[in-house]
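*Asks:* Residue numbers (the numbering used here), protein chains in the order written: chain A, 1173 to 1271; chain B, 59 to 177; chain C, 648 to 864.
We treat Cβ as the ideally placed atom computed from N, Cα and C, and that holds for glycine.
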Amino acid sequence: MGRRPLPVLDAAPGAAVRVRVLQPPGHIRTPHYLRGKTGVIERRLGPFGNPEQLAYGLPGAPLPLYRVRFTMAEVWGNRAERPDDTLDAEIYGHWLEAP
Amino acid sequence: MDPLNNKRWHDMGGDAAGPLPMEDGRPVEHDFALWEKRVDALMVLMTSKGHFTVDGLRRAIEDMGPQAFESMSYYDRWIAAVNQNMIETGAYTLTELGERMEQVARRGPTYGQASLAGA
Amino acid sequence: MAIGWKPPDMPHDHHDHTHPNRADNDMPLTYWQCMEIALRELLVEKGITTQQEIAAQIDAMDARSPADGARVVARAWSDPAFRTRLLQDASAASREMGFDIGALRLIAVENTAQVHNVIVCTLCSCYPRNLLGLSPDWYKSREYRSRVVIEPRRVLAEFGLTLPDTTTIRVHDSTADMRYVVLPARPAGTDDLTEAQLAALVTRDSMIGTALARPPA
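#1: Using Cβ-Cβ distances below 8 Å, what residues of the segment 145-158 of chain B are close to chain C?
#2: Distance, Cα to Cα, B/R66 vs C/T841?
#3: Measure the alpha-carbon distance for A/N1222 versus C/I754 and round it to whole angstroms.
#4: Going by beta carbon distance, what residues of the same chain come within less than 6 Å of A/L1237, once the five residues before and after it are set aside?
#5: What residues of chain B sit near A/A1227, judged by a beta carbon separation below 8 Å?
#6: Could you give the distance in angstroms between the alpha-carbon of C/G651 and the alpha-carbon of B/S129?
#7: Does any CB atom of chain A fall closer than 8 Å to the CB of C/D824?
#8: What are the start and end residues of the alpha helix (DSSP H) that includes C/R722?
#9: Can you check which of these residues, C/D820, C/C681, C/R776, is closest to A/M1244 by C-alpha distance?
#10: Just the Cα atoms here: how many angstroms apart are B/R135 and B/N141?
#11: By Cβ distance, which residues of its chain are closer than 8 Å to B/M80, with the 5 residues on each side in sequence left out?
#12: Just how far apart, CA to CA, sit B/E120 and C/D838?
#13: Can the beta-carbon of C/A721 be found less than 8 Å from the beta-carbon of C/V818?
#14: Tell me the residue span of the beta strand (DSSP E) that contains A/F1219.
#15: Note down, in chain order, every chain B residue with its Cβ under 7 Å from the Cβ of A/P1223.
#16: Determine, for B/R96, whether the minimum Cβ-Cβ distance to residues of chain C falls below 8 Å.
#17: Using 10 angstroms around the beta-carbon of C/S772, count the other beta-carbons present and answer buried if the total reaches 16, otherwise exposed.
#18: Roughly how many angstroms lie between the CA atoms of C/A737 and B/H68, to the nearest whole one?
#19: Consult DSSP for C/I816 and reduce its assignment to one of helix, strand or coil.
#20: Grab the span of the alpha helix (DSSP H) containing B/A126 for me, first residue to last.
#21: When you compare the CB of B/L100 with every CB in chain A, is at least one pair closer than 8 Å?
#22: Can you tell me the Cα-Cα spacing of C/D643 and C/T731, whole angstroms?
#23: Which residues in the same chain have their Cβ closer than 7 Å to the Cβ of C/P831, if we skip the five residues on either side of it in sequence?
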C-alpha cells in the first residue's frame, strides 16, 4: 500500500500562515484553540519527527517545525485581555496552510 | 453545532478553570518522593534507550481519559504510561507484571517495606 | 491497597535549592507505587536497566535545579556577548557554562521593559527540566495550563505580579520539541554585584515568567 506524502507547508519567517481546521482523534500536538487561526512564522525550527507517528511506535518522518506567533485578538477575539499580547506555539508544517 | 468538533480533555488551552491551587498563599508545589523520582528516571532511561518516545508517553496519558487527571497524581499517570509503553514493546507481559505486583504487595503495607532492600 | 491521589505535602518554605526526598517510605503502598516497584524489578531482571543506572539518573536529576538557570541568567546579564549567544542558541550557551543538559533544545526569551514572556505547556507539562530541575505542581495544573494562554495577566496577578500597562505579554506554549526559559530583566541597582550575587536574585518563577527577578537587598 503506498502512502501519499503529507501536504507540508514550506514557509519563511514573516510569512502569514493559517492553522488547518482538522479534528482527528489521537495524539495531535496542534492545540485546539489555535485551529483556524492565522499567525506569522516567527522562526523555522528545523525538521523534527512527526509526533503523530512516534506516539504509536512508528518511525516519525521528519517534518518542518515552525514557531508561529498569533495575536491574542486573533486567538480569542474580544475575550482577549489585551489584543496586542501574543501567543507563540510550535506547529508542524503539515498543520499549516496559506491564509 | 459542528459535528466534527473533537477537543480532547488534555488539550486545555482556553478551558474555563478556577484560581490556581494555593498553599501558604502561594501556588502549590510539593517535594518529590523517591518513588516519583524513580518513575521519572525510568521514563528518561527507557526513552533514551529507544524503547519508546516521550510522544508515546503523552499518548498513553491522553488515552487514559479525563478521569485520570482527577483521580490520579502526575506520577501515577506517568508510571501507568511507562508501563503501557513497555507492555507494547513486549518487555514483559501483563501477567508477569500482575504476579510481581502481588509479590511486592505481600512484602508489607508501606512503600519502604514493599521495596527490596538495597533497591 | 488504596488507589488515590495523595494531597500535597505539608506547608514549608519555598527555596530554590534541591530538597531531600520526602519521608514517605512509611506511607501506605498505593497501586501505582506497587506498579513502579514491580515494573522496575522486572526491567532490571530482564537486563533492560540496572538499579545503579536508575540511581545515577535520579542523582543527575537531583543535581539540576533553578540555581543552574540562575547562573546562566547572571552570566547573560554580566556578559553582553554571552547574552547574544544565549539568545541565539540557549542549549549551546548552557553547555558552554558546563551544564549537562542532555538533548534539551532550549530557547531563551528575553524580558524587556516592553515585553514580558511567560511559558506554559497547555497539552501536557513540557518544561526545561534539564536546566531548571523538575517543574512545580502549579505549572502542571489544569488552572495554569487552561488560563495562562487566555488571561495571562489575571494568572500573573495570582502570583502577585502586575505588569505596567505599557508592557506586552508574550505567552509561549511549548507544543513541540523546543523548551523555553525566560531571561528575566536585570533589576535596577545591581551594577556593582558579582555574577554570584546576581544569580541569587534569579528565582525559578522569574525564569518561567510568573515572577520578576528579585531586587537587590
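*Replies:* To lay it out plainly:
#1: A149, Y150, E154, L155, R158
#2: Their Cα atoms are separated by approximately 49 Å.
#3: A straight line joining the alpha-carbon of A/N1222 with that of C/I754 spans about 20 Å.
#4: L1217, F1220, E1262, Y1264
#5: T111, D113, G114, R116, R117
#6: Residue confidence is low: C/G651 scores 37 on pLDDT, short of 50, so the model does not pin down where it sits. Its coordinate-derived value is still stated next. Each residue's CA atom was taken as its position, placing C/G651 and B/S129 some 6 Å apart.
#7: Yes, C/D824 counts as interfacial toward chain A.
#8: 713-725
#9: The residue with the shortest Cα to Cα distance from A/M1244 is C/D820.
#10: 10 Å
#11: V86
#12: 48 Å
#13: no
#14: According to the sequence shown, residue 1219 of chain A is Pro rather than Phe. 1210-1221 is the extent of the beta strand (DSSP E) around A/P1219.
#15: Those within 7 Å of A/P1223 in chain B are D113.
#16: yes
#17: The residue is buried, with at least 16 neighbouring Cβ atoms inside 10 Å.
#18: If you take the alpha carbons of C/A737 and B/H68, they lie about 29 Å apart.
#19: strand
#20: Annotation: the continuous alpha helix (DSSP H) that includes B/A126 extends over 124-129.
#21: no
#22: This structure gives no information on residue 643 of chain C, because the portion of chain C shown stretches from 648 to 864.
#23: In its chain, beyond the 5 residues on either side, V720, N758, V849, S853, M854, L859, A860 have a beta carbon closer than 7 Å to the beta carbon of C/P831.
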